[in-house]
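Using this note's numbering, you'd call the opening residue of the sequence shown number 2 and step up by one each time.
Below: the structure, in structure tokens.
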Amino acid sequence: MTRTMTQPQTISPPSALDWMFVLASFWFIAGLYLDGWAHNNLPGLETFFTPWHAVLYSGFFAAFVCSAYAFWQSRTRPELRAYRLSFFGGLVFIAAGAMDMVWHTLLGIEADIAALLSPPHLILATSAFLTMSGPVRAAWNQPKPTITALLSLGVVYALLTFFTMYAVPMLDSAGIDGGWQTKSNGVMAVLISSAMMSGVVLYFMRRWKLSGGHLVLMLLPAQLGLVFQGRFDASVIQLYYLTVAVSLLVLEVARSILQPSTQRVAAFRTMAFLIPAVFSLTYFLGVLLTGHMNWEFHLWVGAVFGAGVMGLLLSYLTLPPAITPEVA
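Here's what the structure looks like:
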């Protein structure tokens with residue numbers, strides 16, 4: 002049974018609309034992470050009308066205007082129909098934004114994990130996902146991924162990471178001496194963050210071949226904003242970005258050796274294991290080398306292996322075993 006898809010013979014470069022949409026999406030994500038910083042670091046915040054909300058919502062409206070234009074033009078331009086869902090998501094986002102303002106006015110400003118699980122915020126996150134993923138859908142029938150599709154997936158991963166930042170190992174101080182979370186919560190953070198990362202990358206790998214630089218474009222935007230969500234000194238920030246750089250370098254070498262694709266299933270599944278495992282391993286090695294590790298060897302090594310298994314299991318959902326014609 003074949004796993005290939007029907008593909009066009011020519012490759013269309015990203016349009017001006019694709020680029021405008023991606024720029025607006027990064028504008029939105031910057032506002033989102035700024036808003037997260039404010040909720041985490043300004044305990045006296047008690048108003049909806051803030052500079053970071055201005056960045057957040059203006060970025061959204063820039064993307065929404067692009068989606069509205071694409072929706073209108075899609076009547077005669079079939080290639081823009083992928084943005085219709087973005088326009089629908091934008092309408093939901095506007096309604097959720099109004100709901101969020103009323104929610105804050107009546108019930109106050111959330112803080113910490115409550116800000117991530119507030120119902121209006123979850124509706125905003127879901128509708129933002131529908132809106133900001135437009136360039137990925139627009140490029141879906143291309144035989145090779147466009148740079149705008151990769152950047153759009155980077156935005157999607159940053160969005161997913163933001164709303165699950167309560168499960169980011171560094172923010173949870175997983176394995177760190179004096180950390181505020183329990184060991185069980187730290188392990189869950191490793192597994193959940195691994196699922197988020199693996200899900201986005203495997204979604205990409207199921208459609209396109211993973212090539213040089215793709216992982217950087219998809220995974221780095223989320224990493225750039227994470228360290229500013231907590232109260233870290235310069236040494237912790239430097240250590241974190243060192244581990245991110247080492248992870249991406251190791252995975253780039255592994256990719257070049259394995260050449261994973263849907264036609265090379267063993268390599269596909271091996272890469273699925275390595276992506277979260279390498280990120281978890283470099284994180285814990287960084288904690289260990291700084292002398293702040295308070296997890297026993299069995300625990301942190303097991304957490305690394307568990308992260309890899311999470312990616313491996315998700316690969317069977319992304320690329321299930323073929324069914325033979327006789328059985329079908």
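We put the CB at the ideal spot given by N, CA and C, even for glycine.
Computed from a prediction, not measured in an experiment: that's the story for all the values here.
Considered as a whole, the stretch 54-110 harbours 85-108 as its complete alpha helix (DSSP H) runs of no fewer than 4 residues, in chain order.
Looking at the DSSP output, Met294 shares a beta bridge with Ile177. The three-state reading of DSSP puts Ser212 in coil, since its state is none of H, G, I, E or B.
Taking a cut-off of 8 Å for Cβ pairs, the stretch 149-158 and the stretch 168-185 do not touch, as fewer than three such pairs fall below it.
For the options Met272, Leu108, Phe164, Met294, the alpha carbon positioned closest to that of Leu227 is the one of Phe164.
Close CB contacts of Ile148 within its chain, under the 8 Å cut and outside five residues either way in sequence, are with Pro15, Leu218 (chain order). Just so you know, the alpha carbons of Met133 and Ser87 end up roughly 7 Å apart. With at least 16 other beta carbons inside 10 angstroms of its own, Val157 counts as buried.
Where Arg138 is concerned, the enclosing alpha helix (DSSP H) starts and stops at 135-139. With fewer than 16 other Cβ atoms inside 10 Å of its own Cβ, His299 counts as exposed. About 6 Å separates the Cβ atoms of Ala273 and Ser199, confirming a contact at the 8 Å cut-off. Annotation: the continuous alpha helix (DSSP H) that includes Ala115 extends over 114-118. Ser316 is not bridged by DSSP to any residue. Counting other Cβ atoms within 10 Å of its Cβ, Pro146 reaches 16 or more and is therefore classed as buried. Excluding residues up to 5 positions away in sequence, Phe94, Ala97, Gly98, Asp101 lie with their Cβ nearer than 8 Å to the Cβ of Leu125 in the same chain. For the set Thr127, Asp19, Phe285, Pro277, the Cα lying nearest the Cα of Leu314 is the one of Pro277. Considered as a whole, the stretch 250-274 harbours no complete run of any beta strand (DSSP E) with no fewer than 3 residues. Taking C-beta atoms as the reference points, Gly312 and Leu192 fail to come closer than 7 Å.
Within the same chain, Cβ atoms closer than 7 Å to the Cβ of Ala69 are found at Phe88, the five residues on either side in sequence being excluded.
Ala55 sits exposed, since fewer than 16 C-beta atoms from the chains shown fall within 10 Å of its C-beta. By the criterion of at least three beta-carbon pairs nearer than 8 Å, the stretch 289-299 is not in contact with the stretch 260-275. The DSSP-derived three-state label of Ile324 is coil. As the crow flies, the alpha-carbon of Leu117 is around 35 Å from that of Pro261.
Counting along the chain, the unbroken alpha helix (DSSP H) around Leu24 starts and ends at 17-42. Setting aside the 5 residues that flank it on each side, Trp53 is surrounded in the same chain by Gly32, Leu35, Asp36, Ala39, each with a C-beta closer than 7 Å to its C-beta; the list follows chain order.
At a Cβ-Cβ threshold of 7 Å, Val247 and Thr283 count as neighbours. DSSP, reduced to helix, strand and coil, places Val169 outside both helices and strands of the structure shown, so it counts as coil.
Its chain contains Pro136, Thr149, Leu152, Ser153 as the residues whose beta carbon lies nearer than 7 Å to that of Val23, once the 5 sequence neighbours on both sides are disregarded; these appear in chain order.
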